[in-house]
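Numbering (my numbering), first residue to last: 11 to 243.
Right under this line is the structure:
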């Protein structure tokens, strides 16, 4: 799709960046891209969780904290995936609402810097998820990506080493599963910064995929099919 539309913005196309796409492609391409986006926007959350979230977001600000707790509290011994996910929702929303308890007016600072935005707004969300799902480790701000080093060594490439704003690693096998880039604070995005971060994310994703494939080249095709892994020639 990148080659077809000749636009960096197609890589991160979703509703909040659709206007950028409109500015950089023809109107016919824009309509086609918008239609493609609409086809993929299917919620994967269970309906019961969606109803809880709707109930929370409809609550009056004066009772929002008690509403978050009442809708997301589970039995202390609940170790199910749903129970852990509700734990994540509870603590990430409580952390967010606590930002506005004594603010007047209740808004974030528009002059916030990129790294301050990461620490203040993004890290509480990921920390809540980490506390619920302990098999993931997070490394913050300018963490060097190991998969690029490994891909360089494995395929004798010379890809430039990269650092990312957030790197999530699966503890069981050490594989890097999430790279996050923040392209300046949200109120003042720079097009060149955004395009550069997109290219960086693509490079990290490709190297990580090469790393996974390289470690599984001796996998029997029958075993790959049984475990729902990618089957490739």
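All C-beta atoms, glycine included, are put in the ideal place defined by N, C-alpha and C. All values derive from a computational prediction rather than experimental measurement.
Asked	Found
Curious, which full-length beta strand (DSSP E) runs of at least 3 residues does the stretch 53 to 109 contain?	none
Enumerated in chain order, which unbroken segments of the alpha helix (DSSP H) with a length of 4 residues or greater are wholly contained in the stretch 122 to 151?	124 to 127, 133 to 142
Going by alpha carbons, who is nearest to residue 132 out of 63, 74, 102, 64?	102
Since residue 178 sits in a beta bridge, which residues does DSSP pair it with?	148, 188
Expressed to the nearest angstrom, what Euclidean distance is found between the alpha-carbon atoms of residue 61 and residue 171?	44 angstroms
Rounded to whole angstroms, what is the Cα-Cα separation between residue 144 and residue 59?	21 angstroms
State the Cα-Cα distance for the pair residue 88 and residue 80, rounded to the nearest angstrom.	16 angstroms
When the Cα atoms are used, what is the spatial distance from residue 214 to residue 75?	39 angstroms
Indicate whether residue 179 and residue 147 have their beta-carbon atoms separated by less than 8 angstroms.	yes
Does the Cβ-Cβ distance between residue 189 and residue 155 come in under 8 angstroms?	yes
Just to confirm before moving on: does the CB-CB distance between residue 97 and residue 142 stay below 8 angstroms?	yes
Assign residue 221 to one of two classes, buried (16 or more other C-beta atoms within 10 Å of its C-beta) or exposed (fewer than that).	buried
Consult DSSP for residue 154 and reduce its assignment to one of helix, strand or coil.	strand
Quick check on this structure: which residue in 151, 100, 92 has the alpha carbon closest to the alpha carbon of residue 7?	Nothing in the structure corresponds to residue 7, since the chain is present only between 11 and 243.
Compute the Euclidean distance between the alpha carbons of residue 238 and residue 134, then round it to the nearest angstrom.	Note that residue 238 scores a pLDDT of 44, beneath 50, so its modelled location is shaky and nothing firm can be said.
Hey, out of 194, 177, 192, whose CA is closest to residue 186's CA?	177
Which word fits residue 127, buried or exposed, when buried means at least 16 other C-beta atoms lie within 10 angstroms of its C-beta?	buried
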